[in-house]
Amino acid sequence: MKSLIRLAAVAALATLTLTTLASDSSALAIGEVAPQTDVALQNVDGKSLTLANVAGKKGTLVVFTCNACPFAKAWESRVAKLGNQALGQGIGVIAINSNDPSVNAEDSYAQMQSRAKTLGLKFPYVVDAHSNLARAFGATRTPEVFLFDAAGKLVYHGAIDDNSRDAKAVKEPYLRNAVAAVASNKAVTLAETKSIGCSIKFHEKSSD
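In the working numbering, the protein residues as written are 9 to 216.
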């Protein structure tokens with residue numbers, strides 16, 4: 009009987025592990041191109057745009073983030089600074105909120121508009137109204153970044169840096185290094201890191 013219980017526990021653990029691996033592996037792979045680049049997204053200025061609209065000559069930075077997550081809040085000033093600087097380096101930038109605002113009102117459109125103004129964002133902060141873009145990218149966390157090169161291929165995916173709590177204590181500025189490489193037409197030496205943050209609060213899938 010004990011052997012059967014042990015086998016059941018092992019099977020359950022294996023299933024959980026496979027589920028986790030499947031979830032992790034669903035993310036866009038290095039070298040792949042961005043999906044759904046022609047889908048219209050509402051920006052905080054009230055206008056609609058697409059990923060194709062914001063693509064830069066040197067590359068494109070896509071940041072899945074939100075207003076409510078403590079990790080997103082901890083990194084938001086760094087994201088704003090890096091994003092604004094990247095624009096000047098020929099890299100298009102877009103921040104995307106895929107969270108369902110019914111889960112937390114802090115992720116409402118009005119709150120997004122306020123946050124963008126407070127942070128001084130020079131790049132779009134858009135609504136992923138049905139979380140379809142996050143699903144297409146395989147994004148699961150906020151914040152989670154995807155950086156594409158001039159050819160439109162993914163060259164970096166993961167975290168902003170190695171310290172969400174203290175910007176002054178950062179030892180590995182992953183995204184800054186990757187942006188610098190792309191802006192200089194050089195290879196990104198560290199292509200993937202683990203995204204640390206809150207789970208995306210996905211909208212329910214449409215029944216259509």
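C-beta: ideal position from N, C-alpha, C; glycine also. From a predicted model like this one, the values you see are computed outputs, not experimental measurements.
Under the three-state DSSP convention, the category N92 falls into: By 1-based counting over the sequence shown, the position of residue 92 is 84. Note: N92 maps to helix in three-state DSSP.
At least three beta-carbon pairs within less than 8 angstroms, the segment 145-163 to the segment 119-126: Between the segment 145-163 and the segment 119-126 there are fewer than three C-beta pairs closer than 8 angstroms, too few to call the two in contact.
Exposed unless 16 or more other CB atoms sit within 10 angstroms - verdict on D169: Residue 169 sits at position 161 when you count from the first residue of the sequence shown. It is buried - the Cβ of D169 has at least 16 other Cβ atoms within 10 Å.
Beta carbon of A80 nearer than 8 angstroms to that of V187: One-based indexing of the sequence shown puts residue 80 at position 72. One-based indexing of the sequence shown puts residue 187 at position 179. Cβ atoms of A80 and V187: not closer than 8 angstroms.
Whole-angstrom distance between D108 and S97, CA atom to CA atom: Walking along the sequence shown from the start, residue 97 turns up at place 89. Walking along the sequence shown from the start, residue 108 turns up at place 100. Just to set this straight, residue 97 is Gln in the shown sequence, not Ser. Taking the straight line from one Cα to the other gives about 33 angstroms.
Assigned secondary structure, D115 (DSSP; H/G/I helix, E/B strand, else coil): For the purposes of this step, residue 115 is taken as the residue at position 107 of the sequence shown. Under the three-state reduction of DSSP, D115 is assigned to helix.
CA nearest to the CA of A63, picked from T201, K194, F131, R149: Here residue 63 is taken as the residue at index 55 of the sequence shown, counted from 1. Here the closest residue by C-alpha is F131.
For W83, the nearest candidate out of I102, E152, L69 (CA to CA): Stepping through the sequence shown from its first residue, residue 83 is reached at position 75. Nearest in C-alpha terms to W83, of all of I102, E152, L69, is E152.
Alpha carbon of K202 to alpha carbon of G166, nearest angstrom: Taking the sequence shown and counting its residues from 1, the one referred to as residue 202 is at position 194. Taking the sequence shown and counting its residues from 1, the one referred to as residue 166 is at position 158. Spanning the alpha carbons of K202 and G166 requires a straight line of approximately 5 angstroms.
Cα-Cα separation, G146 to I208: Numbered from 1 along the sequence shown, position 138 holds the residue referred to as residue 146. Numbered from 1 along the sequence shown, position 200 holds the residue referred to as residue 208. Approximately 11 angstroms, taken between the alpha carbons.
Residue range of the beta strand (DSSP E) that includes N105: As a position in the sequence shown, residue 105 is number 97, starting the count at 1. If you look at N105, you'll find it in the beta strand (DSSP E) that goes 99-105.
Cβ-Cβ distance between E114 and N75 below 8 angstroms: Here residue 114 corresponds to residue number 106 of the sequence shown, with the count starting at 1. Here residue 75 corresponds to residue number 67 of the sequence shown, with the count starting at 1. Going by C-beta atoms, E114 is nearer than 8 angstroms to N75.
Own chain, CB closer than 6 angstroms to L29, minus 5 neighbours either side, in chain order: For this step, residue 29 is matched to residue 21 along the sequence shown. At L29, the pLDDT of 33 sits below 50, so the modelled position is not reliable; the number obtained from the coordinates is stated separately. Within the same chain, L29 has no close Cβ partners at all.
Short Cβ contact (8 angstroms threshold) for A35 with T73: In the sequence shown, residue 35 corresponds to position 27, counting from 1. In the sequence shown, residue 73 corresponds to position 65, counting from 1. The Cβ atoms of A35 and T73 do not sit closer than 8 angstroms to each other.
Under the three-state DSSP convention, the category H171 falls into: Indexing the sequence shown from 1 puts residue 171 at position 163. The amino acid occupying residue 171 in the given sequence is Asn; His does not appear at that position. It is coil, neither helix nor strand.
Three-state secondary structure assigned by DSSP to V50: Residue 50 sits at position 42 when you count from the first residue of the sequence shown. The question names Val, but residue 50 in the sequence shown is Gln. Per DSSP, reduced to three states, the secondary structure at Q50 is strand.
Strand pairing of S56, partner residues [DSSP]: Counted from its first residue, the sequence shown places residue 56 at position 48. S56 is bridged to Q50.
Candidates K213, N92, D53, I38: closest to L141 by CA position: For this step, residue 141 is matched to residue 133 along the sequence shown. Among K213, N92, D53, I38, the Cα nearest to that of L141 belongs to K213.
Span separating the alpha-carbon of E180 from that of N171: As a working note, residue 180 is residue 172 in the sequence shown. As a working note, residue 171 is residue 163 in the sequence shown. The alpha-carbon atoms of E180 and N171 are separated by roughly 8 angstroms.
For E40, the nearest candidate out of K194, D157, V196 (CA to CA): Sequence index remark: in the sequence shown, residue 40 carries index 32 (1-based). Measuring from the Cα of E40, the nearest candidate turns out to be D157.
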